[in-house]
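Counting in my numbering, the sequence shown runs from 184 upward without gaps.
The beta carbon of each residue, even a glycine, is placed where N, CA and C say it ideally should be.
Predicted, not measured: the structure shown is a model, and the values here were computed from it.
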Amino acid sequence: MSNPSILILPGDGIGPEVMDQVIRVIDWYGAKRDLAFDVSTDLVGGAAYDAHGVPLHDDTMARAQEVDAVLLGAVGGPAYDDLDFSVKPERGLLRLRKEMDLFSNLRPAQCFDALADFSSLKKDIVAGLDIMIVRELTSGVYFGEPRGIFEEGNERVGINTQRYTESEIERAARSAFELAMRRNKKVCSMEKANVMESGILWREVVTRVGADYPEVELSHMYADNGAMQLVRAPKQFDVIVTDNLFGDILSDCAAMLTGSLGMLPSASLGAPMANGRPKAMYEPVHGSAPDIAGQGKANPIACMLSFAMALRYSFDQGDEAARLETAIEKVLADGARTADLMGPEGGTPLSTSEMGDAILAALDASV
Ligand code: NAD
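Here is the structure:
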């Protein structure tokens with residue numbers, strides 16, 4: 184049987200720098216865990232624009248549809264800020280998400296004990312935090328029609344439409360329940376059923392899907408209360424499922440509970456392919472960080488944790504994902520820090536590749 188395939192799209196800025204460290208980890212799994220992947224690499228974002236005049240070449244798009252998982256670094260940068268909207272680096276990313284129909288966006292908010300002091304909340308509120316936000320990614324108010332700015336009488340009116348079909352809600356809900364089954368078996372659905380019809384339908388459909396998962400405890404919360412609860416007592420949650428707009432806001436809010444942008448992974452999943460694996464793209468939440476690009480300062484952990492998510496959700500290698508997460512936790516507990524993780528006490532930060540060295544050494548020690 185052939186190895187599972189991964190398409191790596193390092194992108195721009197610090198994207199290639201952090202991805203280099205992930206490639207070392209992927210190679211480590213092939214050499215030390217008999218878990219080899221067929222890895223190919225291609226261009227996205229500004230790098231693709233420089234080479235082809237478009238932020239994603241059709242051939243790259245076709246390859247992304249064929250592989251078992253896409254791993255993306257980051258796109259964008261000041262050199263591309265003045266490009267026409269249609270060829271901006273971000274359009275490459277949006278095309279991947281849209282054409283792969285990645286409707287379920289998974290954003291974990293996990294607080295490593297060693298970094299609990301980095302949170303803006305009190306340590307005891309976030310220490311040990313481990314929640315997952317499932318955001319519906321391809322519908323809702325960002326896509327609904329009608330939309331636009333129209334003349335109405337003697338002034339203009341801006342219109343966006345929140346629109347959800349039952350099947351769109353159902354597939355997002357199902358992915359949340361499936362996740363909860365692998366975690367602590369709790370789903371909290373967030374909407375505004377008190378003031379929005381789409382919220383009433385959302386609640387109805389999530390409840391219906393929940394009946395297929397009797398082991399999972401389902402609760403519902405208005406999204407505004409959800410935002411308050413996330414900063415008041417975030418550990419009450421396991422999996423949160425919500426729509427595109429609320430998910431955008433709530434996942435950023437939850438992410439910041441954990442400290443640095445350099446620590447946050449994400450996964451975007453679509454429907455199962457013929458081999459049973461979901462269409463999938465994994466990427467750190469951060470951007471191309473032009474302010475530190477090329478200086479060897481970037482924290483590679485968010486990108487590494489994104490690969491850990493690929494191990495878990497695309498390749499059914501939960502134990503190996505946990506091995507990588509534990510190695511990262513260990514180096515942080517031992518005091519390894521890139522510049523973004525330096526506290527007021529100071530010290531000498533590790534470079535991107537030195538952090539990679541430390542994590543590979545911890546992986547070596549784990550076998
Ligand atoms: P950014 O995430 O690139 O950077 C924000 C801040 O966080 C910067 O100070 C940066 O140095 C720091 N930072 C980010 N990742 C880090 C890491 N791994 N290690 C250490 N520090 C890190 O956001 P921005 O500055 O708003 O955007 C820069 C560019 O990235 C823009 O062109 C933007 O459009 C693009 N962007 C791309 C994505 C993506 O590819 N998914 C996401 C957000 C922004």
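Other residues of its chain near residue i: CB distance less than 7 angstroms, five sequence neighbours each side excluded
i: Ser471; result: Gly194, Asp195, Gly196, Ile197, Gly198, Ala257, Val258, Gly259, Gly260
i: Ala519; result: Leu533, Met538, Ala541
i: Glu273; result: Val258, Gly259
i: Ala545; result: Ala510, Lys513, Val514
i: Asn367; result: Asp421
i: Ile383; result: Ala376
i: Trp211; result: Leu543, Leu546
Collapsed DSSP secondary structure at residue i in the structure displayed
i: Cys294; result: coil
i: Leu524; result: helix
i: Gly558; result: Nothing can be reported for residue 558, as the shown portion of the chain is limited to 184 through 550.
i: Asp221; result: strand
i: Ser269; result: helix
i: Glu249; result: helix
i: Leu289; result: strand
i: Leu452; result: strand
i: Glu537; result: helix
i: Ser402; result: strand
i: Asp233; result: helix
i: Asp241; result: helix
i: Ala257; result: strand
i: Leu551; result: For the chain, the structure presents residues 184 to 550; residue 551 sits outside this window and is missing.
i: Ser381; result: helix
i: Asp203; result: helix
i: Leu190; result: strand
i: Asp313; result: strand
i: Met184; result: coil
i: Met283; result: coil
Same chain, Cβ closer than 6 angstroms to residue i, neighbours up to 5 away in sequence not counted
i: Leu190; result: Ser223, Arg246, Ala247, Val250, Val253
i: Arg460; result: Asp251, Ser497
i: Val205; result: Cys486, Met487, Phe490
i: Thr521; result: Asn482, Pro532, Leu533, Met538
i: Leu507; result: Ala491
Nonlocal neighbours in the same chain, by C-beta distance under 8 angstroms from residue i, ignoring five residues either side
i: Asp342; result: Sequence check: residue 342 is Ile here, not Asp. So the qualifying residues of the chain are Pro329, Arg330, Gly331, Ile332, Phe333.
i: Thr348; result: Ser322
i: Val468; result: Arg290, Ala438, Leu444, Leu447, Pro448, Ser449, Ala485
i: Asp284; result: Thr321, Gly453, Ala454, Lys462
i: Val270; result: Tyr232, Gly236, Val237, Pro238
i: Asn186; result: Ala219, Phe220, Asp221
i: Leu362; result: Leu289, Met315, Val317, Val422
Nearest-angstrom Cβ-Cβ length linking residue i and residue j, presumed shorter than 8 angstroms
i: Leu320; j: Ser451; result: 6 angstroms
i: Val317; j: Ala355; result: 7 angstroms
i: Ser372; j: Val399; result: About 11 angstroms; that fails the 8 angstroms criterion.
i: Gly479; j: Thr535; result: 5 angstroms
i: Ser188; j: Ser287; result: Not quite, the Cβ-Cβ distance comes to about 21 angstroms (not below 8 angstroms), so this is no contact.
i: Val554; j: Val370; result: Residue 554 lies beyond the residue range present for the chain, which begins at 184 and ends at 550; the question has no answer from this structure.
i: Cys436; j: Ala410; result: 6 angstroms
i: Lys306; j: Asp313; result: That pair is no contact at about 15 angstroms.
i: Gly275; j: Val208; result: Wrong, their Cβ atoms sit about 24 angstroms apart, outside the cutoff.
Q.
Just to be sure I understand the criterion: a residue counts if its Cβ is closer than 5 angstroms to at least one heavy atom of the ligand NAD. Which residues meet that?
A. Cβ-based neighbours of the ligand NAD within the cut-off: Ala257, Val258, Gly259, Leu444, Gly445, His469, Gly470, Ser471, Ala472, Asp474, Ile475, Ala481, Asn482, Asp523.
(Q) For a minimum of 3 consecutive residues, which ranges assigned as the beta strand (DSSP E) are wholly contained in the stretch 315 to 371? (A) Listed in chain order, the complete beta strand (DSSP E) runs (minimum 3 residues) inside the stretch 315 to 371 are 327 to 335, 338 to 344.
Q: Entirely within the stretch 455 to 531 and at least 4 residues each: give me those alpha helix (DSSP H) ranges in chain order.
A: DSSP runs (the alpha helix (DSSP H)) wholly in the stretch 455 to 531: 484 to 496, 501 to 516.
Q: Enumerate, from N- to C-terminal direction, the unbroken alpha helix (DSSP H) stretches of 4 or more residues contained entirely within the stretch 417 to 447.
A: Here the runs fully enclosed are 427 to 439.
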